[in-house]
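Using our numbering, read the sequence shown as starting at 5 and increasing by one per residue.
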Amino acid sequence: MAYETLSGYIDHIIYQNEENGYTVFSLICDGTDKTCTGHLPGIAEGESIEVNATCTQHPVYGKQWKISEFRILAPADAAAMERYLASGAIKGIGAAFAAKIVQYFGADTFRIMEEEPERLAELKGISEKKARDIAVQMQGKRELRAAVVFLQNYGIGNTLAMKIFDKYGAALYGIVRENPYRLAEDVAGVGFIIADQIARKAGISVDSEYRIRCGLFHVLTQAAAEGHTCLPKGELINQAAQLLEVAPEHTEMQLSNLAMDKKITVRKQGDAHFVYDARLFHAEMACARLLLDISEGIGPMDNETWDNKGKKIEAILYAQDMEEDEQQLRAIKESVRRGVVIISGGPGTGKTSIINSIIQFFIEEKKDILLAAPTGRAAKRMQEMTGYEAKTIHRLLEVKIAGSGETGHDGGPDGHRLRFERNAENPLEADVIIIDEMSMVDCNLFFALLKAISPGTRLILVGDMDQLPSVGPGQVLKDIIDSAAFSTVFLTKIYRQAKESDIVQNAHRINRGLALTLDNKSRDFFFLERQDVNVIYKHMIQLITEKLPAYVEAGPLDIQVLTPMRKGPLGAVALNQILQEKLNPASAKKNEYQSGDTIYREGDKVMQIKNNYDLGWEVVAKNGIVVDAGQGIYNGDLGIIREINARFNTVRVEYDEQRMVTYEARQLNEVEMAYAITIHKAQGSEYPAVVLPLLKGPAPLMNRNILYTGVTRARRLVIILGEEKTVATMIDNAAQGRRHTGLKERIHELHSCHCGPSA
């Protein structure tokens with residue numbers, strides 16, 4: 005790939021992402037206008053610049069020059085100086101003032117502005133204060149560019165360099181040279197690997213105390229990303245020693261120092277010692293304490309009161325024409341008697357009917373009820389099933405992005421911290437709180453929820469413990485059930501209507517480790533033996549576009565392809581490229597926008613992949629009048645790209661209920677193609693039809709739990725494309741990745757100190 009050196013001045017900036025410096029601009033080079041792209045933090049119109057670039061051909065925007073390196077050139081003459089100052093790069097200087105300044109100071113203009121900025125006040129219309137403001141801006145731009153160049157020597161790209169500069173300012177030089185591992189603690193997106201690369205270039209010793217401490221935390225952080233809240237001490241020491249390439253005794257010594265500094269907590273569980281990030285240990289301990297407090301907040305009832313309530317429950321069941329079943333009756337009664345109740349069951353076992361009966365009972369008791377679920381789609385399903393408002397847990401807790409210096413917990417967009425307005429000082433106002441899809445709730449979110457619940461409130465947790473666990477750390481539902489400290493009702497009976505569904509029957513067979521009968525005699529569960537990836541692509545397209553829409557009475561974009569993995573020929577990334585090409589091909593009538601390797605096209609099916617509580621939406625009538633508006637688009641929300649505006653670099657997406665959201669180009673990292681999504685991303689969702697392409701894959705992802713979750717996402721139809729051998733292997737593979745957690749142990753530790761009833 006041949007690089008060329010281009011020199012000229014920036015005539016016009018077409019697009020600039022202030023967060024990472026990615027810029028599209030027009031460069032006037034020898035009188036020719038060239039469109040250039042690249043990460044150039046802090047550049048402004050009018051600046052003279054030299055770049056190394058390669059010529060590329062964009063499918064929509066034509067010839068562009070992709071920049072690999074750049075440097076700012078000093079303005080060569082008075083005209084270049086005036087052009088830069090007139091561009092608006094320095095606030096407070098327009099074209100008229102730019103001309104005055106250059107005319108007055110001539111070729112000495114930039115030296116004066118940088119070294120003697122007070123002299124700008126010699127000009128009429130520029131006060132001393134304004135002169136100082138201009139000097140600060142000039143200094144800031146120079147310092148930013150100097151910092152970026154300095155950090156490039158350590159292999160740091162412009163995006164991270166700008167974050168580091170924003171965090172430390174001029175102090176970054178000392179930090180990088182003396183202890184770059186601070187960056188891993190303070191700057192989102194750095195992490196141990198990058199900090200270690202910097203440290204090696206800075207000549208920091210391999211057995212540095214800072215390095216070993218950071219490496220230990222890195223292993224714990226990676227474990228948390230895999231769902232663990234702790235690790236066995238020996239495993240942590242060995243992993244860190246291997247990562248750091250030092251002797252295990254060095255890591256063990258620093259582990260003791262971290263414990264003394266209260267950065268980690270070490271606890272004995274069973275026969276082994278486990279190491280926690282102190283924040284996760286605190287979260288699990290607090291969850292145990294708060295759960296027990298809530299459980300004991302509902303006192304015992306006298307016999308007469310309980311008899312009356314029992315009769316009311318039976319009357320509700322009779323009125324709703326529910327089948328008489330001891331499990332359902334017990335679930336409702338326990339929800340009335342206890343402070344904390346867990347209801348766990350698979351598809352077709354009547355969870356929705358129970359929730360509706362519980363709601364009906366407490367409404368008749370004139371109690372205030374709140375309903376919530378972990379994701380927007382799960383909350384929407386809950387609302388549709390019950391007829392009552394349901395919110396995401398985040399929205400229930402009135403989430404905000406914490407400002408600088410504010411406390412909160414990690415998990416916000418782009419590494420921000422979240423703050424919940426509902427907490428111990430401002431608890432939720434409810435007598436009963438029902439949480440659905442509890443298997444998806446992680447330790448940190450559960451801690452935030454429990455803090456906002458006052459004793460005296462009933463907490464009812466509903467879910468399926470056999471679904472995939474939460475993406476975040478912990479296995480909250482399983483640990484609570486395994487603790488046996490709270491009233492738990494297991495629903496195992498499959499009801500009449502559900503018995504007629506092979507989706508439900510096969511889901512339960514998968515869950516019990518039983519082989520499936522794949523003879524295609526079913527009306528809602530089909531298997532097509534296909535062993536070639538390209539054949540799977542072909543038949544998947546035929547099914548989505550020709551065969552299934554009429555069969556399930558849904559459009560092609562309503563039919564969801566689910567896959568266990570992101571990468572590989574049958575991973576979400578590759579499948580989305582294939583499906584986009586076939587379902588929404590390029591056309592002169594469709595605008596496009598390219599961000600990284602992804603081409604967004606009008607008509608594309610997309611998914612929001614982060615909770616964004618501040619993103620506004622509106623519902624617009626045909627006459628253009630806004631009839632409804634609000635805020636908040638959530639992880640898992642599916643939408644269609646309706647408009648791409650190349651001039652303003654915006655993408656307009658329509659979500660459920662005609663909610664229109666306008667994304668700026670810099671926000672597109674929150675949106676992914678969604679013709680195919682991972683099964684993990686589909687948790688809490690339901691689709692008219694699901695297509696599962698299944699061939700060989702990584703053993704940790706090709707397991708019973710994944711298959712069970714994928715099948716239970718379908719409402720009317722499941723089609724598996726792949727090898728019967730793969731399906732059998734997944735059913736046999738019950739080794740869902742074991743998570744190291746301690747909530748069960750924390751409950752046991754505290755339960756012996758509580759005198760309330762245990763179920």
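Idealized CB from N, CA, C, for every residue including glycine. Just so you know, these numbers come straight off a predicted model, no measurement behind them.
Let me confirm a value: K748 is counted as buried when at least 16 other C-beta atoms fall within 10 Å, else exposed. Which label applies? Buried, because 16 or more other Cβ atoms sit within 10 Å of the Cβ of K748.
Along the beta strand (DSSP E) that carries F494, what are the first and last residues, could you check? Segment 491-495, the beta strand (DSSP E) holding F494.
I'd like to check one pair, R342 with I317: are the Cβ atoms closer than 8 Å? No, they are not a contact pair.
Where does Q535 fall in DSSP's three states? Here Q535 carries a coil assignment [DSSP, helix/strand/coil].
Among the candidates I362, Y13, Y65, whose CA atom is the shortest distance from the CA of M85? Checking every option, the nearest Cα to that of M85 belongs to Y13.
Would Q687 and T713 be called neighbours here (beta carbons separated by less than 8 Å)? In this structure, T713 lies closer than 8 Å to Q687 by Cβ.
According to DSSP, is M664 part of a helix, a strand, or is it coil? In the three-state reduction of the DSSP assignment, M664 falls in the strand class.
Which word fits S458, buried or exposed, when buried means at least 16 other C-beta atoms lie within 10 angstroms of its C-beta? Exposed, by the Cβ-count rule.
Kindly give me the distance between the Cβ atoms of Y679 and V565, rounded to whole angstroms, as I take these residues to be in contact under 8 Å. Sure, about 6 Å apart at Cβ, within 8 Å.
Exposed or buried, what is S72 when buried is set at 16 or more other beta-carbons lying within 10 Å of its beta-carbon? S72 is exposed by the Cβ-count criterion.
Option nearest H752 by Cα separation, candidates N538, A489, Y667, P351: The residue with the shortest Cα to Cα distance from H752 is A489.
In its own chain, which residues sit with a C-beta less than 7 Å from the C-beta of D297, not counting the 5 before and 5 after it? Taken in chain order, the residues that qualify are P459.
Return the first residue and the last residue of the beta strand (DSSP E) that D281 is part of. Looking at the DSSP string, the run of the beta strand (DSSP E) that includes D281 is 276-281.
Secondary structure at T745, three-state DSSP: helix, strand or coil? In the structure shown, the three-state DSSP call for T745 is coil.
According to the neighbour-count rule (16 or more other Cβ atoms, all chains shown, within 10 Å of its Cβ), is E674 buried or exposed? By the 16-neighbour rule on beta-carbons within 10 angstroms, E674 is buried.
Beta-ladder partner(s) of M117, from DSSP: Answer is none; M117 lacks a bridge partner.
May I ask you to list the residues that DSSP assigns as paired with E622? The bridge partners DSSP lists for E622 are A633, M664.
Are the beta-carbon atoms of T745 and G575 separated by less than 8 Å? Not a contact, by the Cβ cut-off of 8 Å.
Helix, strand or coil for R462, going by three-state DSSP, please let me know. In the structure shown, R462 sits in a strand (DSSP, three-state: E or B).
Output needed for G349: all residues of its chain with C-beta closer than 6 Å, excluding positions within five of it in sequence on either side, in chain order. Apart from sequence neighbours up to five positions away, the residues of its chain that approach G349 with a beta-carbon distance below 6 Å are K355, L495, ordered along the chain.
Sort K482, V279, E661 by Cα distance to A227 and report the nearest one. Of the listed residues, the one whose Cα sits closest to A227 is V279.
Counting along the chain, where does the alpha helix (DSSP H) carrying K482 start and finish? Unbroken alpha helix (DSSP H) run through K482: 480-487.
Does the beta-carbon distance from I347 to I358 come in below 8 Å? In this structure, I347 lies near I358, with their beta-carbon atoms less than 8 Å apart.
Limits of the unbroken alpha helix (DSSP H) element including R186: Taken as a continuous stretch (DSSP letters only), the alpha helix (DSSP H) holding R186 covers 185-190.
For the beta strand (DSSP E) containing R719, list its first residue and its last residue. Per DSSP, R719 belongs to the beta strand (DSSP E) from 718-726.
Ignore the nearest five residues each way along the sequence and tell me which others in K171's own chain have a CB closer than 7 Å to its CB. Result list for K171: D190, V191, in chain order.
Distance, N183 Cα to L248 Cα: Roughly 16 Å between the two C-alpha positions.
Sheet register partners of A693 (DSSP bridge): Under DSSP, A693 forms a beta bridge with L721.
Given a threshold of 16 other Cβ atoms within 10 Å of its Cβ, counted over all protein chains shown, does A245 qualify as buried or as exposed? In this structure A245 is buried. Its beta-carbon is surrounded by 16 or more other beta-carbon atoms within 10 angstroms.
Euclidean distance between Cα positions of L10 and I47: For L10 and I47, the distance between alpha carbons rounds to 16 Å.
What are the start and end residues of the alpha helix (DSSP H) that includes R87? Annotation for R87: the continuous alpha helix (DSSP H) segment containing it runs 82-90.
CB-CB under 8 Å to I681, same chain, minus the five flanking residues each way: which ones, in chain order? Here the set comprises Q564, V565, L566, T567, A576, M611.
What residues are listed by DSSP as bridge partners for G66? Here G66 is bridged, per DSSP, to H62.
Counting pairs of Cβ atoms below 8 Å between the stretch 502-512 and the stretch 478-487, do you hit three or more? Fewer than three pairs of CB atoms, one per stretch, sit closer than 8 Å, so the stretch 502-512 makes no contact with the stretch 478-487.
Report yes if the CB atom of V436 is closer than 8 Å to the CB atom of F366, and no otherwise. Contact: yes.
Let me check understanding here. Comparing Cα to Cα, which of L124, I76, A57 lies closest to K67? For the residues L124, I76, A57, the minimum Cα distance to K67 belongs to A57.
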